[in-house]
Amino acid sequence: KGEVMKKNIKVISLLSILLLSGCGTNKEVLVTKCTSSQNNLQANYTLKSEYTIYSQKGVVNKVESVETINSSSEAILDYFDTYLTSTYEQANKVYGGYNNKVTKNDDEVISKTTIDYKSMDMNKYVEDNSVMKSYVNSKNELTLEGIKAAYQSIGATCE
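Right, dumping it as structure tokens:
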């Protein structure tokens with residue numbers, strides 16, 4: 001059970017790393033959707049993630065995500081509530097650009113996050129998270145192809 005939770009924590013961590021983004025003002029904004037879901041019977045929860053990626057000319061400006069965790073275990077719900085809240089709060093303090101709200105109901109935790117890459121310190125972010133070098137261009141801007149590849153590497157399907 002502990003190994004399964006560690007694996008899922010890694011997936012959530014990568015997802016939170018990938019949820020960085022920014023707002024564009026040009027009318028030619030491309031909207032791309034990615035989704036993933038996991039059913040972890042051993043740890044007694046399901047995780048469904050939906051990502052809406054806004055990009056312009058191949059560069060991601062903003063990502064809006066909704067992550068829904070369902071479980072009958074109060075301990076698991078408490079864990080995800082605390083983990084998601086603290087992860088996004090810390091990222092916002094260090095890099096800026098994050099707006100996150102986590103709500104906990106009877107049998108689920110829902111995390112709604114908007115990440116504005118244009119207001120984020122991407123240079124610092126890429127420096128601190130070397131895996132991001134594969135997903136950015138020479139100006140440290142997150143590319144649409146990069147974020148899609150990253151999401152697909154963790155099992156997401158993108159349109």
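Just so we're aligned, residue 1 is where the sequence shown starts under the numbering used here, counting upward by one.
Every residue, glycine too, gets a C-beta built ideally from N, C-alpha and C.
Backbone secondary structure at residue i - three-state DSSP
i: D121; result: coil
i: K148; result: helix
i: E28; result: coil
i: L84; result: helix
i: C158; result: strand
i: E89; result: helix
i: L47; result: strand
i: D116; result: strand
i: Y98; result: strand
i: K133; result: helix
i: C23; result: With a pLDDT of 41 at C23, under the threshold of 50, the modelled position of that residue is not reliable, and no figure is offered here.
Strand pairing of residue i, partner residues [DSSP]
i: Q56; result: V59
i: E67; result: S49 and S111
i: Q244; result: Because the chain in this structure spans residues 1 to 159, residue 244 falls outside the shown range and cannot be described.
i: K104; result: V109
i: L142; result: V136
Cβ separation of residue i and residue j, assumed to be a contact under 8 Å, to the nearest whole Å
i: L47; j: I69; result: 5 Å
i: I154; j: S36; result: 7 Å
i: C34; j: Y151; result: 5 Å
i: N100; j: T113; result: 4 Å
i: V60; j: Y117; result: 6 Å
Assess contact between the stretch 95 to 110 and the stretch 134 to 145, defined as three or more Cβ pairs (one per stretch) separated by less than 8 Å. Is contact present?
No, the stretch 95 to 110 does not touch the stretch 134 to 145.
Check whether the stretch 127 to 135 touches the stretch 61 to 78, counting contact only when three or more Cβ pairs, one atom from each stretch, lie closer than 8 Å.
Between the stretch 127 to 135 and the stretch 61 to 78, the count of C-beta pairs closer than 8 Å stays below three; the two stretches do not touch.
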